[in-house]
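Worksheet for the structure shown next.
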Amino acid sequence: MMRRHESIKPTHPGEHLREDYLPALKKAGVTLSGLARNLRTSRNNLNLILEARRGVSPAMAVKLAAVFPNTTPEFWANMQSNHDLWQAKQTVDTSRITAVAVVEQVE
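Under the working numbering, the first residue of the sequence shown is numbered 12, with each subsequent residue one higher.
So, in structure tokens, the structure goes:
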């Protein structure tokens, strides 16, 4: 049985970046190309992340936290992990997997 909150798709970090950070950057005069240069990535890679077509790698999580010091690498990585796990739960077929009851604690 799926819990109610598990039916809600977690936000992809690229969507969060696009919706919550880009407007302020644009107001400050920072372009996508400028942000990509600052992150030491290509504009294409940044666009793929913003479109939620590419995940945020651990290295990119560290870079994003450096650009946005009010965040941490864990913030970006956890957001990506939550999104990835939700996606897997929607698509991975576990119907033929049998649960194993652990009788003794493994040391």
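Where a beta carbon is used, it is the ideal one built from N, C-alpha and C, also for glycine.
Residues near residue i by beta carbon distance below 8 Å, same chain, minus five either side
i      : result
Val-78 : Leu-46, Asn-49 and Leu-50
Cutoff 6 Å; reference residue i; Cβ partners in own chain excluding five residues on either side
i      : result
Met-90 : Pro-24
Asp-95 : none
Arg-65 : Leu-59
Gln-98 : none
Residue i, enclosing alpha helix (DSSP H) - first and last residue
i       : result
Lys-100 : 84–102
Ile-122 : No statement about residue 122 is possible, as the shown extent of the chain runs from 12 to 118 and does not include it.
Arg-48  : 43–50
Ala-35  : 33–38
His-23  : His-23 -> no alpha helix (DSSP H), and no H or E assigned at all.
Cutoff 7 Å; reference residue i; Cβ partners in own chain excluding five residues on either side
i      : result
Leu-57 : Leu-43, Leu-46, Ala-47 and Leu-50
Thr-83 : Ala-76
Ser-18 : none
Met-12 : A caution first: Met-12 carries a pLDDT of 44, below 50, which makes its placement in the model too unreliable to give a value.
Residue i (DSSP reduced to helix, strand or coil)
i      : result
Ala-77 : helix
Ala-72 : helix
Gly-66 : coil
Glu-17 : helix
Proximity below 8 Å, CB of residue i to CB of residue j
i      : j       : result
Lys-87 : Val-103 : A small correction: the amino acid at residue 87 is Trp; Lys does not occupy that position in the sequence shown. No, Cβ-Cβ distance for Trp-87 and Val-103 is not below 8 Å.
Glu-26 : Ala-63  : yes
Asn-81 : Pro-21  : no
Distance cut-off 7 Å: residue i Cβ against heavy atoms of the ligand HEM
i      : result
Pro-80 : What this structure holds is no ligand at all, so the ligand HEM is not there to describe.
For the region 66–78 against the region 43–51, are there 3 or more C-beta pairs whose distance is under 8 Å?
These segments touch.
Do three or more CB pairs link the region 102–115 to the region 33–46 at distances below 8 Å?
No: the two stretches stay apart, fewer than three of their Cβ pairs being nearer than 8 Å.
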